[in-house]
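J.: Chains L and S, in that order, give the protein sequences.
Take any residue in the first sequence, note its place counting from 1, add 8, and you have its number in our numbering.
Take any residue in the second sequence, note its place counting from 1, add 8, and you have its number in our numbering.
Okay, handing you the structure first.
There are 2 protein chains.
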Amino acid sequence: MAEVEEEATAGEETQQEGADIYNEEGVVRASFLAHIGATIADRDTITLKRDVADLHQSELGDLLEALMPDQRRALVDLMGADFDFGALTEIDEAIRMEIVDSLPNEQIAQAVQELDSDDAVYILEDLDEEDQEEILAQLPFTERIRLRRSLDYPEETAGRRMQTEFVAVPPFWTIGQTIDYMREDQNLPDNFYQIFVIDPTFKLLGAVDLDRILRTKRAVKIEEVMHETRHAIPATMDQEEAAREFEQYDLLSAAVVDENDRLVGVLTIDDVVDVIQQEAEEDLLRMGGVGDEELSDTILATSRSRTPWLMVNLATAILASLVIGLFDATIEQMVALAVLMPIVASMGGNAATQTMTVTVRALATRDIDIYNAGRIIRRETVVGILNGVIFAVVIGVVAGGWFESFGLGGVIATAMIINMLAAALAGILIPLLLDRLGADPAIASSVFVTTVTDVVGFFAFLGLASLWFGLG
Amino acid sequence: MAEVEEEATAGEETQQEGADIYNEEGVVRASFLAHIGATIADRDTITLKRDVADLHQSELGDLLEALMPDQRRALVDLMGADFDFGALTEIDEAIRMEIVDSLPNEQIAQAVQELDSDDAVYILEDLDEEDQEEILAQLPFTERIRLRRSLDYPEETAGRRMQTEFVAVPPFWTIGQTIDYMREDQNLPDNFYQIFVIDPTFKLLGAVDLDRILRTKRAVKIEEVMHETRHAIPATMDQEEAAREFEQYDLLSAAVVDENDRLVGVLTIDDVVDVIQQEAEEDLLRMGGVGDEELSDTILATSRSRTPWLMVNLATAILASLVIGLFDATIEQMVALAVLMPIVASMGGNAATQTMTVTVRALATRDIDIYNAGRIIRRETVVGILNGVIFAVVIGVVAGGWFESFGLGGVIATAMIINMLAAALAGILIPLLLDRLGADPAIASSVFVTTVTDVVGFFAFLGLASLWFGLG
């Protein structure tokens with residue numbers, strides 16, 4: 009009960025504060041930040057604790073991100089045991105590492121015990137092995153075993169993200185017994201949404217949602233109301249796949265089981281939401297030619313992570329130049345071709361990017377499959393020809409008028425249709441092919457696709473011009 | 009209790025079936041699809057009901073998407089009252105409309121009563137007003153009032169997405185009274201995760217999580233364990249903003265209130281997950297120059313939705329051509345310039361896209377703000393110069409060697425550094441500026457950014473060449 013009241017009161021007190029730390033754009037208020045900065049400078053622990061201790065961990069995280077590096081360390085220092093380490097799960101990796109590295113391992117060990125196991129693992133997994141071991145060694149036995157089990161699963165698996173605290177009861181208990189147990193037991197997890205049903209060897213038999221327990225009479229046995237858990241998640245399952253299970257079946261929490269079907273933890277929707285966000289972000293960044301980059305990365309790290317993609321682009325740009333080089337005599341005789349040629353390539357590149365974006369996204373959401381691939385390829389082809397004709401007319405008239413040459417208008421119009429068709433085909437077939445070969449279509453498609461439209465665009469335009477005007 | 013047991017049994021029976029309808033790639037099995045197709049052709053209602061009635065609504069949705077249009081209609085027809093209309097909330101809009109349009113309004117009215125109100129609204133909101141009214145008129149009074157209230161809120165608001173079924177109790181009830189009420193009442197929602205506390209005028213006072221109820225003694229009053237709901241969502245709040253509240257505070261469900269703080273519904277995390285997915289998808293599609301497009305759109309709709317962006321791109325491509333046109337005399341004298349010039353523009357375009365992608369994403373997740381914008385602009389500038397120098401050396405050597413001209417190598421290297429710096433500045437400043445002006449940086453940035461790198465790239469390269477070689 010003490011815990012319950014504490015939470016209710018905390019909620020009450022922070023209602024004002026909490027609503028207040030952001031301005032209308034959702035950014036930490038400058039006045040609040042200045043106030044906290046001054047409080048830290050004054051080392052005024054009492055005021056600091058009053059204004060910071062009741063923040064939600066995500067609010068504290070935003071505050072930490074907005075502060076200067078030495079203010080962050082000072083804040084953690086001044087707050088002492090009142091610092092909510094959960095906030096560290098809400099901030100950029102680079103800033104988290106910076107704070108954690110500045111703390112003695114004893115303090116981290118102390119803090120980790122206060123956290124849910126999934127948050128503890130989130131903080132521990134980035135540390136080097138030596139520090140990890142030193143911290144784990146200072147934890148009580150059960151806590152240590154639990155965290156080590158999570159850390160033993162590979163990165164980005166359900167086992168790493170799961171919470172090892174859960175409520176489990178045997179199938180022969182009644183609803184009444186179960187409720188009484190929950191009223192007495194002081195070691196329940198902070199929050200839970202279902203209880204699991206296990207046999208004496210911890211083998212998972214089923215689950216009961218809490219609302220089902222509340223609406224069932226005391227005498228009814230658990231096994232009568234439990235449902236078999238169709239969606240138990242193997243601990244070694246990739247977190248992305250686990251997220252897909254949650255989405256597909258609208259799950260709130262799911263049991264995580266080991267290779268013998270024994271219950272080892274629970275995965276909850278709030279962790280999954282983070283995974284979904286992260287995956288969507290990855291797709292976007294990869295399509296933009298950026299890797300796993302964070303805003304807090306250093307200049308050298310950023311430059312290094314972007315160079316490979318630019319290098320590939322340089323190679324394909326040189327390939328396109330070689331195509332132009334084939335027609336240098338043609339261009340020499342008719343310099344208007346040099347002026348107009350980027351238009352054909354650029355339009356093809358954009359049309360291909362449109363098709364490719366739709367295809368990559370459909371592959372990610374599994375909206376494209378063997379049943380509709382044929383239909384979608386046909387659709388993209390027709391759209392490509394249609395848009396090719398539309399823009400052929402426009403550019404034909406513009407170019408013909410500009411250089412007062414009917415022939416030049418015809419040449420660029422024809423090249424435009426050819427390149428828009430090539431764009432459509434490349435935009436859909438290349439991602440499909442990459443996916444089939446097991447590559448991530450988000451990362452590799454852009455290079456191949458724009459190479460196709462550059463090469464086809466320059467070749468069609470300059471080649472047709474050379475034929476039509478009998479040049480070169 | 010009947011309901012409870014039915015659910016448990018359904019879970020058991022479908023365990024095999026459910027796991028079975030997908031192949032290892034997560035696509036509906038060809039054999040299952042063929043079997044269902046044959047069953048529909050035979051009009052074998054018994055087999056169809058046996059194999060389809062127990063599918064989860066998302067599985068049924070995937071099955072519908074994989075079938076041919078006339079098979080879909082036949083399936084809905086043959087299943088009759090056993091068809092789970094919830095499946096319609098899981099499929100593409102175009103396919104949903106196609107199925108709903110083929111059904112008589114009476115059947116839809118019947119089906120809508122079986123659904124949770126949020127699913128019912130999801131199906132009704134796409135219908136034209138006349139059909140909507142006809143369907144609503146056939147519903148019982150309370151149901152009609154509820155749905156109409158949701159439909160009266162604007163599209164994409166919390167009021168549209170909320171569920172109007174919830175459990176609410178007065179603050180002076182005890183935990184025991186509350187549990188007894190839930191055991192007796194037959195009209196509880198199918199699932200709920202917290203109960204709300206209201207005064208006699210339905211004004212929201214607080215909420216209690218179900219696990220809190222289960223671990224509290226019967227004699228304790230609700231008001232002693234409830235927490236004030238800091239995160240009540242106004243019904244008119246945009247769904248994207250509501251989703252952000254869920255993410256920030258790790259909410260599972262939240263009360264939705266009207267302008268007088270009266271409880272009108274509850275928003276649950278599964279709806280929010282869909283919103284998060286949708287928003288991430290929108291960002292990706294917009295950056296790729298595609299609007300709200302679905303795979304099931306027709307050819308004409310697709311072509312029309314992609315044309316505006318291509319038109320804008322044509323205008324900027326012509327602008328770049330005009331820049332080249334300024335130097336036609338220069339190119340005429342030295343055709344190598346025409347061969348090499350796309351390289352400078354293309355590298356700038358790619359570098360700018362990288363920076364822009366990171367910036368657009370950071371703006372969407374609110375990771376960039378007035379506190380770190382200055383630092384990030386500096387970082388991007390230095391990265392731009394650094395990568396500019398790296399690729400200047402590479403292309404300088406390549407071009408100088410290719411055309412056996414030390415001067416040409418120097419010119420292209422200098423132009424590369426200039427354009428990479430322009431790319432970095434355009435990539436970060438343009439999205440920031442658009443965001444400040446209230447435009448969506450995801451949709452408009454690409455055009456402006458690549459215009460800058462094309463124009464600067466061609467101008468720097470051709471201009472420097474003209475100066476260095478004294479041409480033109």
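Ideal Cβ positions, reconstructed from N, Cα and C, are used throughout, including at glycine.
(1) Determine the contact status of Ala473 (chain L) and Met342 (chain L), defining contact as a CB-CB distance below 8 Å.
(2) Which residues, taken in chain order from the segment 24-54 of chain L, show a beta carbon closer than 9 Å to some beta carbon of chain S?
(3) Sorted by chain position, which residues of the same chain lie with C-beta nearer than 7 Å to Gly69 (chain L)'s C-beta, five sequence neighbours on each side aside?
(4) Note down, in chain order, every chain L residue with its Cβ under 8 Å from the Cβ of Tyr130 (chain S).
(5) For the segment 162-177 of chain L, which residues have a beta carbon sitting closer than 9 Å to at least one beta carbon of chain S?
(6) Return the CA-CA distance between Arg312 (chain S) and Arg294 (chain S), expressed in angstroms with no decimal places.
(7) Could you check how far apart the C-beta atoms of Leu470 (chain S) and Ile332 (chain S) are, in whole angstroms? I think they sit under 8 Å.
(8) Could you confirm whether any beta carbon from chain S is found closer than 8 Å to the beta carbon of Leu445 (chain L)?
(9) Helix, strand or coil: how does DSSP classify Thr422 (chain S) here?
(10) Using a Cβ cut-off of 8 Å (strictly closer), state whether Arg369 (chain L) contacts chain B.
(11) Got a sec, what are the start and stop residues for the alpha helix (DSSP H) Gly94 (chain L) sits in?
(12) Ile378 (chain L) by DSSP, collapsed to three states: which one?
(13) Just checking my contact of Ile307 (chain L) with Val390 (chain S) at CB under 8 Å: how many whole Å lie between their CB atoms?
(14) Is Asp246 (chain L) closer than 8 Å to Thr365 (chain L) when the C-beta atoms are compared?
(15) Pick out the complete beta strand (DSSP E) segments inside the segment 257-283 of chain S, 3 residues or longer, and give them in chain order.
(16) Contact between the segment 452-460 of chain L and the segment 420-437 of chain L is defined here as three or more beta-carbon pairs at a separation below 8 Å; is this criterion met?
(17) By the three-class DSSP mapping on this structure, what secondary structure does Gly392 (chain S) have?
(18) What residues from chain S crowd round Val298 (chain L), counting only those whose CB sits closer than 7 Å?
(19) Give the list of continuous alpha helix (DSSP H) stretches no shorter than 4 residues that lie fully inside the segment 185-254 of chain S.
(20) Taking the CB atoms as reference points, tell me whether Gly392 (chain S) and Asp462 (chain S) lie closer together than 8 Å.
(21) Per DSSP, which one or two residues make a beta bridge with Tyr30 (chain L)?
(22) Short of 7 Å in beta carbon distance, which residues of its chain neighbour Glu20 (chain S), apart from the five on each side in sequence? Order them along the chain.
(23) Going along chain L, which residues have a C-beta under 7 Å from Glu289 (chain S)?
(24) So is Pro77 (chain S) buried or exposed if we call it buried at 16+ other beta carbons inside 10 Å?
(25) Val120 (chain L) and Ile143 (chain L) look like a contact to me (Cβ under 8 Å); what is the Cβ gap, rounded to whole Å?
(26) Measure the beta-carbon distance from Tyr161 (chain S) to Thr237 (chain S) and round it to whole angstroms, keeping in mind my assumption that it falls under 8 Å.
(27) Does any residue of chain L have a CB that is nearer than 8 Å to the CB of Pro242 (chain S)?
(28) What is the C-beta distance between Ala450 (chain L) and Ala421 (chain L), in whole angstroms, given that I count them as a contact (C-beta under 8 Å)?
(29) At a Cβ cut of 7 Å, what residues of the segment 252-282 of chain L count as close to chain S, listed as they run along the chain?
(30) Contact defined as beta carbons within less than 8 Å: I believe Ala372 (chain S) pairs with Asp291 (chain S). What is the distance between those atoms, to the nearest angstrom?
(31) Specify the secondary structure class of Gln146 (chain S) as computed by DSSP and reduced to three states.
(32) Using a beta-carbon distance below 8 Å, is Val12 (chain L) in contact with chain S?
(33) Where Ala430 (chain L) and Val264 (chain L) are concerned, what is the direct C-alpha to C-alpha distance, given to the nearest angstrom?
(34) On the three-state DSSP scale, how would you describe Glu21 (chain S)?
(35) What are the boundary residues of the alpha helix (DSSP H) that Thr458 (chain L) is part of?
(36) List the residues of chain L whose Cβ lies closer than 9 Å to the Cβ of Met105 (chain S), in chain order.
T.: The short version:
(1) yes
(2) Gly26, Ala27, Glu33, Gly34, Val35, Val36, Ala38 and Leu41
(3) Ala95, Glu98 and Ile99
(4) Result: empty, since nearest Cβ-Cβ is about 13 Å, beyond 8 Å.
(5) Val175
(6) 15 Å
(7) 7 Å
(8) no
(9) helix
(10) Annotation note: the requested chain B is absent from the structure, which comprises protein chains L and S.
(11) Segment: none, Gly94 (chain L) is in no alpha helix (DSSP H) and carries neither H nor E.
(12) coil
(13) 5 Å
(14) no
(15) 261-265 and 271-276
(16) yes
(17) helix
(18) Gln362, Thr365 and Val366
(19) 218-222 and 230-233
(20) no
(21) L:Val36
(22) Confidence is the limiting factor: at Glu20 (chain S) the pLDDT is only 38, short of 50, which leaves the residue's position unreliable, though a coordinate-based value still follows. Counting only Cβ-Cβ distances below 7 Å, and skipping sequence neighbours, we find nothing.
(23) Arg369
(24) exposed
(25) 7 Å
(26) So it is not a contact: roughly 20 Å between Cβ atoms.
(27) no
(28) Their Cβ separation, rounded to whole angstroms, is 34 Å, which puts Ala450 (chain L) and Ala421 (chain L) out of contact at 8 Å.
(29) Glu255, Gln256, Tyr257, Asp258, Leu260, Ile277, Asp278 and Val281
(30) 6 Å
(31) coil
(32) Residue placement at Val12 (chain L) is flagged as unreliable, the pLDDT there being 40, under the threshold of 50; the coordinate-derived value follows with that caveat. Yes, contact with chain S.
(33) 47 Å
(34) Residue placement at Glu21 (chain S) is flagged as unreliable, the pLDDT there being 37, under the threshold of 50; a coordinate-derived value is accordingly withheld.
(35) Pro449 to Trp476
(36) Simply none; closest approach about 17 Å.
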